[in-house]
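Residue numbering for the sequence shown is 1 to 662, as defined by full-length UniProt numbering.
Using N, Cα and C, we set each Cβ at its ideal position, and we do this for glycine too.
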Amino acid sequence: MICVLPEFTVVSDICRKKKDAEQSAADLALKRLAHHSVAENPSDKDPCDALIDQIKYLFSDEFPLPLHPLRGHLRAALLRRGDLYGLVRASVITACDTKTSNLCKLLNLEVELKPFLALSLIMRTIPKLSGCVASKGQLSIQKQNPYPTEIIESSDIQQSDSPESILVKAIQIPASLDKTVQPVTLNISSAGYYLDVIAEELGVTDASKVLLSRTIGKASSETRLYFAASKSLVMDLLSDLGNVKDFHVEGPPNARASYFCGQGIYGDAIMASIGYTWRSKELFHEHLSFMVLFRMLINKIPSGNYKLSREAILAAELPSVFTTEANWRGSFPREILFAFCHQHRLSEPIFSTTSVPLKASCKLLRSQKKLKVTEVAGLATEYADGGGLNAGDGESVGLESNFRCEVKVFSKGRDLIIECSPKDIYRKQTDATHSASLKVLSWLDAYFKDLGMPLEKLNCSADALDISFSLGNFHKEFALSQSISFNELFHSPAIFFFAPVCFWSLKVIKHMEENQACRFGDIALSYFRPKVLIFSTRNYEDNLILQRSSLATQEEYPDEKSQLKSHKFRNHDHKFEWTRGQFNHWASELVKKHNYSVEFSGVGGSGDVEPGFASQIAVFKQESLLDEDDLLTKQNSSQHCKVVWSRNCTDGFGSVPSLTSN
């Protein structure tokens with residue numbers, strides 16, 4: 001496995017599995033990065049002096065590097081004319097240059113939560129630099145002497161002849177919760193600068209006032225929140241650069257935007273996935289939609305990652321107990337806990353696995369009534385036959401040892417937040433790790449679904465799961481979550497139903513009882529009357545092929561063989577699955593009643609070869625438009641609707657909708 005970074009390339013050790021090779025390459029890259037960090041930032045160098053040197057370097061003739069993200073912003077600045085020529089926004093320096101950002105955090109820890117504080121640190125260095133000047137009245141920096149002609153020519157800084165514009169779909173998030181989230185389209189001309197377009201959408205004429213949040217999501221993501229600095233804040237940053245302490249941030253805090261990035265966002269904001277990257281000199285952009293926004297929101301909840309991995313947001317629930325790796329569906333608890341910590345800017349969880357001797361574990365298991373005497377004897381027999389396990393540190397541990405795992409969650413500042421020390425022991429180290437992770441996730445999930453949970457209840461649930469936590473550190477790290485409830489964030493239906501044509505993907509049908517699933521077709525085609533309804537489900541006849549392919553899994557986990565055989569459906573949580581005949585009969589009866597036509601198709605395999613497609617699909621289409629008497633106008637549409645159920649938005653996240661019977 002080869003890992004290519006802008007500064008160097010590393011080659012992993014030889015590994016049997018791809019995942020192990022990726023982990024090896026990542027470890028080597030981290031070690032190299034640590035050496036680079038020590039070499040570039042010696043401990044005896046003052047961070048303030050280091051910041052001055054870094055800004056000086058960024059505006060020197062030695063810069064830009066071939067694919068540095070700041071290069072694109074510099075190119076856009078040098079393509080301008082008049083007073084704006086060569087002006088680089090101070091906000092993009094902290095966003096695009098990691099070293100500058102890290103130095104600002106060393107000088108002021110609050111930069112992590114308040115991105116505008118980094119601007120004051122950068123602007124404060126300008127009077128101490130001989131080769132840079134600050135633009136009057138703007139949060140921009142300019143190189144005092146122009147770049148040599150050969151540097152400009154070698155940097156591909158030239159006007160594009162292409163007349164085509166780039167259209168990028170973004171999302172506007174108003175500060176007021178009374179206003180709905182709206183989609184916006186950024187129209188960026190070939191000769192334009194995308195920050196100017198965003199500034200126009202935010203209602204400001206000076207793009208230097210546009211502030212950037214940190215990236216949201218994966219490390220490679222360019223999704224950020226853009227918001228405008230208030231006039232008073234700009235005046236504070238420019239008035240007394242050496243002595244600014246108190247900043248006057250006008251405008252209401254944007255709770256919805258702040259929830260996504262974990263930073264203080266003020267006023268209206270625009271979420272967009274656009275920017276310059278290390279990968280290419282061209283402008284990178286991706287479209288954002290409400291579906292992407294909703295998935296990001298779901299990911300903030302502890303069980304959200306599990307729901308998304310199961311592709312069943314409505315039906316899938318995080319299990320309360322970890323069974324075995326063979327029976328688990330979706331992302332494993334350990335992976336989910338890592339993802340949750342990343343989403344909330346916490347340090348990676350620390351796992352500590354200890355082995356328990358067989359004799360001690362047998363006594364413990366008997367006391368906990370976890371293991372029968374015959375099972376204990378089975379463990380001893382396996383060990384006598386030479387069985388062994390890997391303890392995770394390179395040693396081979398015999399089956400005289402079972403495993404117990406503890407997990408700790410720290411903040412970025414290494415403050416302990418949560419510690420889980422389960423008393424349960426497991427035959428496999430991985431099972432112990434996943435079980436401990438699941439306990440932490442279950443406790444966090446219950447809290448996020450009820451942010452107003454009384455302290456007594458929070459403590460009781462923690463004790464039941466062998467969890468201890470620091471209340472002060474816990475509240476500090478999840479302050480943004482506590483300031484606004486999940487329901488308040490997106491209570492408006494406009495986030496789901498903005499356009500007149502809506503597309504839904506509900507992967508829940510197999511988890512219903514069969515009689516409920518049969519009713520679904522009648523309800524969907526009679527109440528909602530979609531022009532097109534695409535319905536897919538598993539083909540029960542295809543399960544025979546999967547049962548044959550599961551033999552390898554059964555050999556790997558012989559103790560679970562009988563359990564796997566007992567599952568007649570494709571997944572253990574399916575309530576029903578239809579044969580091709582049953583599926584065709586159900587769909588054909590629907591079209592007779594609701595004036596639709598249906599076409600059958602599928603994915604996986606071939607429909608002409610037994611046993612047919614792995615998943616079967618029915619595409620329902622309206623035969624004709626509704627009669628004029630049945631058409632509903634906007635004025636009287638509510639009079640023709642019957643209330644099926646309603647929900648009070650002030651209820652808790654996990655509350656049950658109030659039903660209305662007719």
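Range of the contiguous alpha helix (DSSP H) that encloses residue i
i, result
"Y194", "Y194 to L202"
"K457", "L455 to A464"
"H344", "Looking at the DSSP string, H344 is not in any alpha helix (DSSP H), and its letter there is neither H nor E."
"R224", "It is not in any alpha helix (DSSP H) - R224 instead sits in the beta strand (DSSP E) that spans T223 to A228."
"G264", "Per DSSP, G264 belongs to no alpha helix (DSSP H) and is neither H nor E."
"P183", "Element bounds for P183: not the alpha helix (DSSP H) but the beta strand (DSSP E), Q182 to I188."
"V603", "Here V603 belongs to no alpha helix (DSSP H); instead the beta strand (DSSP E) covers Y596 to V603."
"C132", "Careful: C132 lies outside any alpha helix (DSSP H), inside the beta strand (DSSP E) at C132 to A134."
"A272", "Careful: A272 lies outside any alpha helix (DSSP H), inside the beta strand (DSSP E) at A269 to G275."
"E112", "Taken as a continuous stretch (DSSP letters only), E112 belongs to no alpha helix (DSSP H), as it is neither H nor E."
Where the beta strand (DSSP E) containing residue i begins and where it ends
i, result
"P357", "I350 to P357"
"K169", "I166 to I173"
"I534", "V532 to R538"
"Y306", "Segment G304 to R310 is the alpha helix (DSSP H) holding Y306; no beta strand (DSSP E) there."
"V321", "Unbroken run through V321: none, as it is neither H nor E."
"K621", "S615 to Q622"
"T9", "T9 to V11"
"L211", "V210 to L212"
"Q142", "S140 to K143"
"C15", "Where C15 is concerned, there is no enclosing beta strand (DSSP E), given that its DSSP letter is neither H nor E."
"H285", "F284 to E286"
"E62", "First-last for E62: undefined, no H or E at that position."
Under 8 Å between C-beta atoms of residue i and residue j
i, j, result
"L202", "D97", "no"
"A462", "F535", "no"
"T433", "C405", "yes"
"D347", "F410", "Here residue 347 is Ser; the residue named in the question, Asp, does not match the sequence. Contact: yes."
"A118", "S101", "yes"
"L293", "I171", "yes"
"R71", "K281", "yes"
"L103", "P47", "yes"
Outcome for residue i when other beta-carbon atoms lying within 10 angstroms are tallied against a minimum of 16
i, result
"H285", "buried"
"L85", "The displayed chain sequence assigns Tyr, not Leu, to residue 85. Label assigned to Y85: exposed."
"E577", "buried"
"N595", "exposed"
"V10", "buried"
"V144", "Looking at the sequence itself, residue 144 is Gln, so the reference to Val does not match. Result: exposed."
"L379", "Here the model assigns L379 a pLDDT of 43, short of 50, so the residue's position is not dependable, and the following value carries that caveat. It is buried - the Cβ of L379 has at least 16 other Cβ atoms within 10 Å."
"P422", "buried"
"R538", "buried"
"R16", "exposed"
"G602", "buried"
"N402", "buried"
"A464", "exposed"
"T125", "buried"
"K19", "exposed"
"K457", "exposed"
"K218", "exposed"
"Q532", "Per the sequence shown, the amino acid found at residue 532 is Val instead of Gln. The residue is exposed, with fewer than 16 neighbouring Cβ atoms inside 10 Å."
"Y527", "exposed"
Among the options, the one whose alpha carbon lies nearest that of residue i
i, options, result
"E110", "Q263, R16, V210 and E541", "Q263"
"V168", "P115, I274 and G330", "I274"
"L195", "T185, S442 and V210", "V210"
"S437", "K428, F59, I350 and A587", "I350"
"S588", "A614, G612, F613 and K621", "K621"
"L283", "R214, A77, Y193 and Y259", "Y193"
"C420", "A524, L119, V532 and L337", "L337"
"Y259", "E335, Y540, E477 and K593", "E477"
"L28", "S12, D20, K18 and K19", "S12"
"R427", "A50, F474 and S355", "S355"
"Y540", "L297, E599, F528 and G612", "G612"
"I93", "K114, R75, L58 and K457", "L58"
"L177", "A257, N108 and I122", "A257"
"L444", "N543, I313, E623 and P333", "P333"
beta-carbon residue i near the ligand FMN non-hydrogen atom, thresh 7 Å
i, result
"E317", "The ligand FMN is not part of this structure, which contains no ligands at all."
Checklist entry - Any chance the stretch 455 to 470 sits against the stretch 415 to 433, with 3 or more Cβ pairs inside 8 Å? => result yes
Checklist entry - Is the number of C-beta pairs between the stretch 220 to 239 and the stretch 315 to 331 that are closer than 8 Å three or more? => result no
Item to check | the stretch 72 to 87 / the stretch 135 to 146 touching (three or more Cβ pairs under 8 Å) | outcome: yes
Checklist entry - Can we say the stretch 298 to 309 touches the stretch 440 to 457, given the rule of at least three CB pairs closer than 8 Å? => result yes
Checklist entry - Counting Cβ pairs closer than 8 Å, one from the stretch 515 to 533 and one from the stretch 602 to 612, do we hit at least three? => result no
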